[in-house]
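Heads up: the sequence lines are chains A and C, in that order.
Here the first sequence stands for residues 939 to 1387, where the numbers follow the working numbering.
Here the second sequence stands for residues 939 to 1387, where the numbers follow the working numbering.
Each residue gets a CB set at the ideal place from its N, CA and C atoms; glycine is no exception.
Protein chains: 2
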Amino acid sequence: MQFKITNELLEEVHAVIETANDEQVFAFFNEYHHADIADILEELSLEQATYVIKLLDSEKTSDVLIELDEDDRERILKNLSAKEIAEEIEELDTDDAADMIAELPEERQENVIAQIEDEEHAAEIKELLAYDEDTAGGLMAKELVKVNENWTVTQCVKEMREQAAEVTRVHSIYVVDDNNILKGRLSLKDLLVAPARGKIKDIYIPKVDYVYVDEDDEEVAKVMQKYDLEAIPVVDQEKHLLGRITIDDIVDVIKIEAEKDYQLAAGITQEVEADDSIFELTKARLPWLVLGLFGGLGSVFIMGGYEEALSTYKELFFFTPLIAAMAGNVGVQSSAIIVQGLANDVVKGSLLQRLLKEVGLSLINGIALGGLVIIFGYIMQYPASFTFTIAISMLCVIIIAALVGTFVPIILDKRGIDPAIATGPFITTSNDIFGIFLFFYIAKLMLGF
Amino acid sequence: MQFKITNELLEEVHAVIETANDEQVFAFFNEYHHADIADILEELSLEQATYVIKLLDSEKTSDVLIELDEDDRERILKNLSAKEIAEEIEELDTDDAADMIAELPEERQENVIAQIEDEEHAAEIKELLAYDEDTAGGLMAKELVKVNENWTVTQCVKEMREQAAEVTRVHSIYVVDDNNILKGRLSLKDLLVAPARGKIKDIYIPKVDYVYVDEDDEEVAKVMQKYDLEAIPVVDQEKHLLGRITIDDIVDVIKIEAEKDYQLAAGITQEVEADDSIFELTKARLPWLVLGLFGGLGSVFIMGGYEEALSTYKELFFFTPLIAAMAGNVGVQSSAIIVQGLANDVVKGSLLQRLLKEVGLSLINGIALGGLVIIFGYIMQYPASFTFTIAISMLCVIIIAALVGTFVPIILDKRGIDPAIATGPFITTSNDIFGIFLFFYIAKLMLGF
Chain A
939 MQFKITNELL
949 EEVHAVIETA
959 NDEQVFAFFN
969 EYHHADIADI
979 LEELSLEQAT
989 YVIKLLDSEK
999 TSDVLIELDE
1009 DDRERILKNL
1019 SAKEIAEEIE
1029 ELDTDDAADM
1039 IAELPEERQE
1049 NVIAQIEDEE
1059 HAAEIKELLA
1069 YDEDTAGGLM
1079 AKELVKVNEN
1089 WTVTQCVKEM
1099 REQAAEVTRV
1109 HSIYVVDDNN
1119 ILKGRLSLKD
1129 LLVAPARGKI
1139 KDIYIPKVDY
1149 VYVDEDDEEV
1159 AKVMQKYDLE
1169 AIPVVDQEKH
1179 LLGRITIDDI
1189 VDVIKIEAEK
1199 DYQLAAGITQ
1209 EVEADDSIFE
1219 LTKARLPWLV
1229 LGLFGGLGSV
1239 FIMGGYEEAL
1249 STYKELFFFT
1259 PLIAAMAGNV
1269 GVQSSAIIVQ
1279 GLANDVVKGS
1289 LLQRLLKEVG
1299 LSLINGIALG
1309 GLVIIFGYIM
1319 QYPASFTFTI
1329 AISMLCVIII
1339 AALVGTFVPI
1349 ILDKRGIDPA
1359 IATGPFITTS
1369 NDIFGIFLFF
1379 YIAKLMLGF
Chain C
939 MQFKITNELL
949 EEVHAVIETA
959 NDEQVFAFFN
969 EYHHADIADI
979 LEELSLEQAT
989 YVIKLLDSEK
999 TSDVLIELDE
1009 DDRERILKNL
1019 SAKEIAEEIE
1029 ELDTDDAADM
1039 IAELPEERQE
1049 NVIAQIEDEE
1059 HAAEIKELLA
1069 YDEDTAGGLM
1079 AKELVKVNEN
1089 WTVTQCVKEM
1099 REQAAEVTRV
1109 HSIYVVDDNN
1119 ILKGRLSLKD
1129 LLVAPARGKI
1139 KDIYIPKVDY
1149 VYVDEDDEEV
1159 AKVMQKYDLE
1169 AIPVVDQEKH
1179 LLGRITIDDI
1189 VDVIKIEAEK
1199 DYQLAAGITQ
1209 EVEADDSIFE
1219 LTKARLPWLV
1229 LGLFGGLGSV
1239 FIMGGYEEAL
1249 STYKELFFFT
1259 PLIAAMAGNV
1269 GVQSSAIIVQ
1279 GLANDVVKGS
1289 LLQRLLKEVG
1299 LSLINGIALG
1309 GLVIIFGYIM
1319 QYPASFTFTI
1329 AISMLCVIII
1339 AALVGTFVPI
1349 ILDKRGIDPA
1359 IATGPFITTS
1369 NDIFGIFLFF
1379 YIAKLMLGF
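In structure tokens:
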């Protein structure tokens, strides 16, 4: 049943478009779901995609545009007039409309908004554009079903019918007072069994989850996930009802946040995809590589300082990639666990407890790995003092690397900085330098060169 | 408005529990949302938590149990009798019930199921237990609203009322034929405006998304996300309607998959949390560290083989951590982009195109980084031939590392293996060895030692 882009399908698409028979092209595309059309358009040339967008009804194409990749959407919108974009915007819910407008160049934004015929829609979009995109305000839509607590049941049903026509999916009915302050929610069932002249005041449920308009989007995601909500109302500080957020937007937030953290851990600074241009990819990757290079050059310096050991303990230098790798791997493991723990609010207990735990953990890992090094040294017939020096300094490096990996994210988080930046290359690079320095320092103390 | 565990709250909780006054404790906890009670219980001793669970109604505690961390749930369930667990199970939807039973030791599973009074519920749970937990079958619930296409509208409304009582949220009404084959869905609106004697057959929408029962859970997540679905029906190969999956379960799938990939990239083999035991954490972390250790010992061997270069080009050895770091970082970046691209189906085009792109990208990065190395060499007054050797061999290492990082996940994916395992330590370790070998090999060719 699942839609898949196949070569046959693409050939068919190209053949249909080449007929340039508007009716035939329309009939062909109209059969598909808007999300599938978006997938198809991403495989077409800009010219072809624009042709299809202009041909189909804006009821359908507005949804197609929202589904497209940001880059592809940008290119197509460039080919549309302000009037044409405004027509697409009219068909969208306010949240999607605001997102689409926000991507346009600034002077175009005003032109497009000026062309929107529905003045209320335009005003609502303008309001949404003012909110930071990473907040509840940036996620919410103005479309919702709300009723006044002073209405009778009959009045309420009548009003609801009108409002519901504008809302794609009615998740909840929100109850407000005369000042638009959120009071509670209404269950459809209670509404249906209540006497027609009864007041909403007497039947609504005063317990309702809500979020403030300036709440961080990740926090909203946590609340909706925790309480299994499919929609949540958004209010300002005085509890005026401003909008609502639905679960499908939250799914996107969760995905995007997870991908961002993953990329940061892999040393990629901005959201990129495998199919972005080489230039975009370089911009995202090169900074971390330069950081890694500086770390490596730092190691060159450190080793240069212990040059005199080369004559007696040359093998010490052969172990530096191993030490760097251990320091890096342990640091990345520790930081990943802490970053995830912080994100999920499971990092509990005092810092001292955490410190003891990390030291304990590193001791177990370090002793196990040290044992393997000792076996290796025995096989290689290194002098016992040399093998033990390697094993013990590696153990120390592992402990320090674990502590750095654990506490740098915690400190960043306490200072309000996203701890996710302290994973991946950041931790490996600093641990490489720390590790190699510590390794030689301990080796010098133990072997006395 | 948001619930937060504070020290004051915990003191209050402890004070209430210490009264051992059942009524007071009941009244205190009954005020809270089940998800919040779960948060509180995770802060209590096992004894206290069990006391609260036994005290509250199973209507509430069943939801609390589902919200608990798996470890905490397991400990509490150990303290309950098969009968008590069965009572909790009766209150749960079949999907949650099956998940909870699946966690029990095998002989307990049968005891608990035998104690479930509602035989239909028990049979449905047994059916769900048979599906693999990573498939649509493992995610779905049996609770849904379905109507027969041959029913009249009146009949349909009557049946629906009964069914809806058992379903927490009615997302869709599914239409089946006499053989329980999924035919389509019904819109509540169409049902309400249809004549009472009309047949469902004449008003239902035949276009309905569905997934097969053996479909991978990540695929289900993709479909529901792509089409913005809040629920999807699950069918077998003959399209018999078996159950339905709701979006809240999909949110969990997305989160868990993202966390798994993130942990794999960080070198952690199984799902662990910051608050797991040292033993659990060691089990998850040590295997990758051992792999890294073997990689490091491999480098020791390789360098040992080039020992004769020490007398003339000792600085070559100082650069090994830098080379290893570059190879590792580049490999991790490439693999992360490919792994995400594969997950999101955006890796398009031929392998040759991808190869050319990676080589192009590596050339740009490598030349930029090589430039920095040349500046460094100039400052350090290395001989020009030596500096160029480092820069050029580093460039080659970067290209190879990018290719390994790109193609190992692609090859794994083609063979049906999760490409996410080829990120993090796997790639860094293999690239460390490859990189150092290549570095010395090229240096030997260029410098001729």
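Using the beta-carbon of each residue, which ones in chain B are nearer than 7 Å to residue i?
i, result
"residue 1197/C", "No chain B is present in this structure, whose protein chains are A and C."
Is residue i helix, strand or coil by DSSP?
i, result
"residue 1210/C", "coil"
"residue 1357/C", "helix"
"residue 944/A", "coil"
"residue 1177/A", "coil"
"residue 1009/A", "helix"
"residue 1080/C", "coil"
"residue 1140/C", "helix"
"residue 1171/C", "strand"
"residue 1086/A", "strand"
"residue 1189/C", "helix"
"residue 1116/C", "coil"
"residue 1352/A", "helix"
"residue 1135/C", "coil"
"residue 1121/C", "strand"
"residue 1150/A", "strand"
"residue 922/C", "Only positions 939 to 1387 of chain C appear in the structure, and residue 922/C is not among them; the question remains open."
"residue 1111/C", "strand"
"residue 1328/A", "helix"
"residue 1183/A", "strand"
"residue 1250/C", "coil"
Going by CA-CA distance only, name the one from the options that's closest to residue i.
i, options, result
"residue 1236/A", "1258/C, 1246/C and 1220/C", "1258/C"
"residue 1169/A", "1216/A, 1184/A and 1079/A", "1184/A"
"residue 1118/C", "1085/C, 1091/C and 1233/C", "1085/C"
"residue 1233/A", "1373/A, 1165/A and 964/A", "1373/A"
"residue 963/C", "992/C, 1254/C and 1015/C", "992/C"
"residue 983/C", "998/C, 1017/C and 973/C", "1017/C"
"residue 965/A", "1364/A, 951/A and 1192/A", "951/A"
"residue 1356/C", "1067/C, 1128/C, 1203/C and 1368/C", "1203/C"
"residue 917/A", "1113/A, 1307/A, 943/A and 1163/A", "In the structure as shown, chain A begins at 939 and stops at 1387. Residue 917/A is therefore absent and cannot be evaluated."
"residue 1387/A", "1109/A, 1035/A and 1250/A", "1250/A"
Rounded to whole angstroms, how far is the Cβ of residue i from the Cβ of residue j, which I believe are closer than 8 Å?
i, j, result
"residue 1273/C", "residue 1171/C", "37 Å between Cβ atoms; not a contact."
"residue 1073/A", "residue 1152/A", "5 Å"
"residue 1033/A", "residue 1003/A", "Actually they do not touch by this definition, with Cβ atoms about 14 Å apart."
"residue 1429/C", "residue 1342/C", "Lying outside 939 to 1387, the shown extent of chain C, residue 1429/C is not represented and no answer is given."
"residue 1315/A", "residue 1325/A", "3 Å"
Contact between the region 1048-1055 of chain A and the region 1016-1033 of chain A (3+ Cβ pairs under 8 Å)
They touch, by the three-pair rule.
Interface positions of the region 1303-1316 of chain C facing chain A (Cβ-Cβ less than 8 Å), listed along the chain
Taking a C-beta cut-off of 8 Å against chain A, the contacting residues of the region 1303-1316 of chain C are 1303, 1306, 1307, 1310, 1311 and 1314, listed in chain order.
Is there contact here, the region 1228-1246 of chain A with the region 1326-1335 of chain A, by at least three beta-carbon pairs under 8 Å?
At 8 Å Cβ cutoff, the stretches do not touch.
Proximal residues, the region 956-971 of chain A versus chain C, C-beta separation under 9 Å:
Taking 9 Å as the cut-off between beta carbons, the residues of the region 956-971 of chain A near chain C are 971, in sequence order.
May I ask you to list, following chain order, the residues of the region 1255-1274 of chain A that have a beta carbon less than 8 Å from some beta carbon of chain C?
Of all residues in the region 1255-1274 of chain A, 1255, 1256, 1257, 1258, 1259, 1260, 1261, 1262, 1263, 1264, 1266, 1267, 1268, 1270, 1271, 1273 and 1274 have a Cβ within less than 8 Å of some Cβ in chain C.
Taking only beta carbons into account, state which residues of the region 1229-1242 of chain C come closer than 7 Å to chain A, listed in chain order.
If the cut-off is 7 Å between Cβ atoms, the region 1229-1242 of chain C has 1230, 1231, 1233, 1234, 1235, 1237, 1238, 1241 and 1242 near chain A.
In the region 1198-1224 of chain C, which residues sit with their C-beta less than 8 Å from some C-beta in chain A, listed in chain order?
Result list: 1199, 1200, 1201, 1203, 1204, 1205, 1206, 1210, 1211, 1212, 1213, 1216, 1219, 1220, 1223 and 1224.
Could you say if the region 1203-1217 of chain C and the region 1262-1280 of chain A meet the contact criterion of at least three C-beta pairs nearer than 8 Å?
Yes, they touch.
Could you check whether the region 954-967 of chain C touches the region 1348-1361 of chain A, counting it as contact only if at least three pairs of C-beta atoms, one from each stretch, sit closer than 8 Å?
Because the criterion of three Cβ pairs below 8 Å is not met, the region 954-967 of chain C and the region 1348-1361 of chain A do not touch.
Check whether the region 1089-1103 of chain C and the region 1137-1145 of chain C are in contact - that is, three or more C-beta pairs closer than 8 Å.
In short, these stretches touch, since the Cβ pair count reaches three.
Using 8 Å as the Cβ pair cut-off and three pairs as the minimum, do the region 1250-1266 of chain A and the region 1286-1305 of chain C touch?
No, because fewer than three Cβ pairs between the region 1250-1266 of chain A and the region 1286-1305 of chain C fall closer than 8 Å, the two stretches do not touch.
Relative to chain C, which residues along the region 1155-1182 of chain A have a C-beta separation below 7 Å, given in chain order?
Close to chain C, meaning a Cβ-Cβ distance shorter than 7 Å, are the following residues of the region 1155-1182 of chain A: 1161, 1163, 1164, 1165, 1166 and 1168.
Which residues, in order along the region 1366-1380 of chain A, keep a beta-carbon less than 8 Å from a beta-carbon of chain C?
Of all residues in the region 1366-1380 of chain A, only 1366, 1367, 1370 and 1374 place a beta-carbon less than 8 Å from a beta-carbon of chain C.
Should the region 1036-1049 of chain A be regarded as contacting the region 1062-1072 of chain A, the criterion being three or more beta carbon pairs within less than 8 Å?
In this structure the region 1036-1049 of chain A lies against the region 1062-1072 of chain A, because at least three pairs of beta carbons, one per stretch, are closer than 8 Å.
If contact means a Cβ-Cβ distance below 8 Å, which residues of the region 1062-1074 of chain C contact chain A?
When CB distances to chain A are screened at a threshold of 8 Å, not a single residue of the region 1062-1074 of chain C falls below it.
Please list, in chain order, the residues of the region 1338-1363 of chain A that have any C-beta partner in chain C closer than 8 Å.
Per Cβ criterion, the list reads 1361, 1362 and 1363.
What are the residues of the region 1124-1148 of chain C that lie near chain A, defined by any Cβ-Cβ distance shorter than 8 Å?
Result list: 1147 and 1148.
Relative to chain C, which residues along the region 1288-1303 of chain A have a C-beta separation below 9 Å, given in chain order?
Cβ contacts with chain C come from 1292, 1295, 1298, 1299, 1302 and 1303.
Which residues, in order along the region 1072-1096 of chain C, keep a beta-carbon less than 7 Å from a beta-carbon of chain A?
Hits within the stretch: zero.
According to a CB-to-CB cut-off of less than 7 Å, which residues of the region 1182-1193 of chain C neighbour chain A?
Taking 7 Å as the Cβ-Cβ cut-off against chain A, the residues of the region 1182-1193 of chain C that qualify are 1185, 1186, 1189, 1192 and 1193.
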